[in-house]
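S.K.: Mapped onto our numbering, the consecutive letters of the sequence shown carry residue numbers 27 to 572. The C-beta atom is built at its ideal place from N, Cα and C for all residues, glycine as well. One structure is given below, represented as structure tokens, and several questions about it will come after.
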Amino acid sequence: MAPALPDDILHLLCEELARQASLDTLFHCACSSRALAVPALTHLYRYHHLAPVRGGGEDEAVLLATKGLMVQKWSILWRSIIASSLDATLFPYCRYIKLLDLRDLDQLLEDDQFKGKVQKQFFSKPLDRFFRTVETPYRKAGRTIARLNITSIIDAVGEAVTQHTPMLEIISGKILSHALVRWAPRLPRLQTLELYDGGPLEDELVHASIYEYCPQFNSLSIYTWQTDERDHKFAKFIGSIRPQSLRMIETISDIGVGAKSFHALNAHSESLKDLRLCVSTDSLPYLSLLRRCTALEALRIEDIHGTINLEKTQNDVFLETIEWLRSCGDLRRLSFTKLQSASSIIAPVLLEDCIRLSKLEIDSYMPKDSQLLHQALVHQRWSLRFLSLNGDTDGMFRDDVDILVDSLKQLTELRVLKLLLVQEIFQDEHLITIIDNLRLLEDLYITGIELKDGVLECIGNLTNLRSIAFAGISKFTTDGLFEFISRLGPSNQGIRVMVDMADPDTLLSDEEVMLIRDSLNEKVGGTLEYTLWRDPNVSEFEGDSD
27 MAPALPDDIL HLLCEELARQ ASLDTLFHCA CSSRALAVPA LTHLYRYHHL
77 APVRGGGEDE AVLLATKGLM VQKWSILWRS IIASSLDATL FPYCRYIKLL
127 DLRDLDQLLE DDQFKGKVQK QFFSKPLDRF FRTVETPYRK AGRTIARLNI
177 TSIIDAVGEA VTQHTPMLEI ISGKILSHAL VRWAPRLPRL QTLELYDGGP
227 LEDELVHASI YEYCPQFNSL SIYTWQTDER DHKFAKFIGS IRPQSLRMIE
277 TISDIGVGAK SFHALNAHSE SLKDLRLCVS TDSLPYLSLL RRCTALEALR
327 IEDIHGTINL EKTQNDVFLE TIEWLRSCGD LRRLSFTKLQ SASSIIAPVL
377 LEDCIRLSKL EIDSYMPKDS QLLHQALVHQ RWSLRFLSLN GDTDGMFRDD
427 VDILVDSLKQ LTELRVLKLL LVQEIFQDEH LITIIDNLRL LEDLYITGIE
477 LKDGVLECIG NLTNLRSIAF AGISKFTTDG LFEFISRLGP SNQGIRVMVD
527 MADPDTLLSD EEVMLIRDSL NEKVGGTLEY TLWRDPNVSE FEGDSD
């Protein structure tokens with residue numbers, strides 16, 4: 027009889043399977059032997075947030091019957107976690123989890139398919155104690171109907187589960203302030219809060235509880251926050267956290283952060299690595315107050331209004347912001363959205379010798395005014411792996427296009443290139459020049475003027491390509507697409523091809539598209555999405571005759 031592998035080796039093997047998201051394999055391991063059950067289940071539930079059934083599969087194109095089955099599996103996943111907190115399962119699944127995503131539970135309870143037998147089974151014993159309803163007015167019938175009291179259910183579930191989650195590091199969802207106060211003493215490993223609403227941060231008992239019981243707390247994400255004096259209240263919460271401990275702050279919408287919050291964040295200037303902010307016309311002029319936060323590795327700024335040009339209206343803030351970013355020597359990821367002065371701010375940052383960006387995203391910028399930015403891109407050619415440029419090319423001349431093409435073709439380390447440029451400026455020869463030099467591309471999104479087979483042939487030589495989207499009007503032929511497929515190899519396995527704007531004059535027939543799809547699937551297991559371009563100025567109901 028062969029000697030059994032030590033438990034620590036089994037745990038390492040299962041951990042690697044989990045990292046690769048091989049959850050099916052882990053499930054079969056758990057069923058195969060008693061020795062494998064504990065390590066397999068430990069990592070299966072530790073990475074349960076990667077399960078494809080979460081969110082009901084999140085694919086709107088699936089059949090209704092398939093969707094119903096996915097929701098049933100989704101509910102079983104949550105039922106097993108909750109039941110384990112009641113000591114009603116063979117293994118203590120909830121003790122394995124590191125993330126408690128109550129947003130996902132909220133979505134399950136709200137899902138249209140979560141009704142009838144699925145709902146009844148979910149709330150059967152021992153989960154019947156969590157079944158809560160609330161009477162809701164029903165206008166048409168002039169009466170009330172009972173609906174799930176989701177807020178109460180989630181609060182009760184959180185109360186039960188957090189008593190048995192010693193490994194928990196992340197909590198997300200619509201969480202009540204008194205719930206955080208109750209749960210904090212049980213969560214010594216808590217690092218991250220992802221709040222739908224920032225309201226709980228107004229409670230000073232929450233401040234005190236996190237400070238006393240959660241010494242590893244370092245990350246906060248907030249989706250929305252509607253109250254008076256939000257800037258003051260957010261700054262007060264930040265001030266209650268241990269100095270130099272916050273590593274990540276994210277505001278997904280405008281929650282009113284401003285001068286006070288920016289000042290407070292400077293108390294974490296050495297620890298703050300990842301900052302993602304939505305700013306407004308009220309807060310943007312105070313952006314440079316963050317200048318002491320120079321340990322940043324990632325920065326995302328979204329201007330929700332996009333109406334202020336700092337360079338022209340707040341030049342001192344504009345210059346101070348540039349100096350701040352130039353002093354962030356560890357900066358690796360930079361993203362600006364709807365910030366009018368983005369290109370003028372970024373250009374001098376790209377020229378800094380100590381800065382080596384791996385990811386750069388610029389959304390809603392004006393390429394015609396960004397020659398210096400386009401030229402400065404070359405300075406990051408050895409480190410840049412991801413580049414996304416999204417803007418309106420109106421007013422660009424041939425020289426402007428040539429400058430951009432010349433810079434892009436030198437970014438030879440790129441893995442991802444997204445050129446989302448309104449009013450297509452690239453002709454086939456421009457794209458071929460760029461792509462021929464970027465041999466490491468894995469993900470490509472391009473626009474262009476009447477994309478033809480020559481571009482396809484060039485792209486077919488990219489041995490690492492996994493996804494290609496053609497967002498410009500395309501005139502690909504059947505022969506051109508078959509030639510493209512013939513150039514693909516094993517390293518292109520699973521490639522996704524999206525033709526978003528096929529020219530009606532050269533439109534392939536349904537039979538031709540089917541043949542191409544079959545060929546692509548047979549060659550590399552790839553998929554093709556082929557969509558007809560429609561003139562936005564012509565109604566789809568208009569016929570060929572008056």
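Say whether the segment 132-149 touches the segment 203-210, bearing in mind that this needs 3 or more beta-carbon pairs closer than 8 Å, one atom from each stretch.
M.R.: No, the segment 132-149 does not touch the segment 203-210.
S.K.: Going by C-alpha to C-alpha distance, which of T162, K99, E238 and A109 sits closest to Q139?
M.R.: Looking at the Cα atoms, K99 is the closest of the given residues.
S.K.: In angstroms with no decimal places, state the Cα-to-Cα distance between I236 and L272.
M.R.: Approximately 13 Å, taken between the alpha carbons.
S.K.: Would the beta-carbon of V229 fall within 8 Å of that of W251?
M.R.: A small correction: the amino acid at residue 229 is Asp; Val does not occupy that position in the sequence shown. Not in contact: D229 and W251 (Cβ atoms no closer than 8 Å).
S.K.: In or out: I171 buried (at least 16 other Cβ within 10 Å) or exposed?
M.R.: Classification of I171: exposed, given that the 10 Å Cβ count is below 16.
S.K.: Let me confirm a value: W350 is counted as buried when at least 16 other C-beta atoms fall within 10 Å, else exposed. Which label applies?
M.R.: Looking at its Cβ environment, which holds 16 or more other Cβ atoms inside 10 Å, W350 is buried.
S.K.: Mapping DSSP to helix, strand and coil, what is C484?
M.R.: It is helical.
S.K.: Cα separation between L434 and G486?
M.R.: L434 and G486: Cα-Cα distance of roughly 19 Å.
S.K.: Can you check which of these residues, D531, P530 and F502, is closest to V523 by C-alpha distance?
M.R.: Among D531, P530 and F502, the Cα nearest to that of V523 belongs to F502.
S.K.: Just curious, the beta strand (DSSP E) that D329 is in, first and last residue?
M.R.: First-last of the beta strand (DSSP E) with D329: A324 to D329.
S.K.: So, with DSSP's three-state summary, where would you put V448?
M.R.: If DSSP states are grouped into helix, strand and coil, V448 belongs with the strands.
S.K.: What number of angstroms, rounded off, separates the C-alpha of V525 from the C-alpha of L49?
M.R.: So the two alpha carbons sit approximately 32 Å from each other.
S.K.: Apart from the five residues just before and just after G355, which ones in its own chain have a Cβ nearer than 6 Å to its Cβ?
M.R.: Contacts found: C380.
S.K.: Between F567 and the rest of its own chain, which residues show a CB-CB distance below 8 Å, the 5 nearest in sequence each way excluded?
M.R.: Legend: pLDDT at F567 = 48, less than 50; position of this residue unreliable, value from coordinates given subsequently. Nothing listed; no residue qualifies.
S.K.: In this structure, does DSSP put R121 in helix, strand or coil?
M.R.: R121 falls in the helix class under three-state DSSP.
S.K.: When you compare only the Cα positions, how much space is there between T558 and L488?
M.R.: What sits at residue 558 in the sequence shown is Leu, not Thr. Each residue's Cα considered, the two are about 26 Å apart.
S.K.: Is it buried or exposed for Q366, if we count other Cβ within 10 angstroms and need 16 for buried?
M.R.: When all chains shown are included, Q366 counts as buried.
S.K.: What first and last residue would you give for the alpha helix (DSSP H) that runs through F510?
M.R.: Run containing F510: T504 to R513, per the alpha helix (DSSP H) assignment.
S.K.: Report buried or exposed for D181, applying the criterion of at least 16 other Cβ atoms within 10 angstroms of its Cβ.
M.R.: Label assigned to D181: buried.
S.K.: Roughly how many whole angstroms lie between the Cα atoms of P516 and Q436?
M.R.: Whole-angstrom Cα-Cα distance: 27 Å.
S.K.: Rounded to the nearest angstrom, what separates V187 and L298 at their Cα positions?
M.R.: If you take the alpha carbons of V187 and L298, they lie about 31 Å apart.
S.K.: Under a three-way DSSP split, which group does F304 fall into?
M.R.: It is worth fixing the name first, because residue 304 is Cys in this sequence and not Phe. If DSSP states are grouped into helix, strand and coil, C304 belongs with the strands.
S.K.: Quick check on DSSP: helix, strand or coil for V442?
M.R.: Three-state result, V442: strand.
S.K.: Tell me where the alpha helix (DSSP H) around K286 begins and ends.
M.R.: Counting along the chain, the alpha helix (DSSP H) containing K286 begins and ends at A285 to L291.
S.K.: Per DSSP, L470 is paired with what?
M.R.: DSSP lists L443 and I494 as partners of L470.
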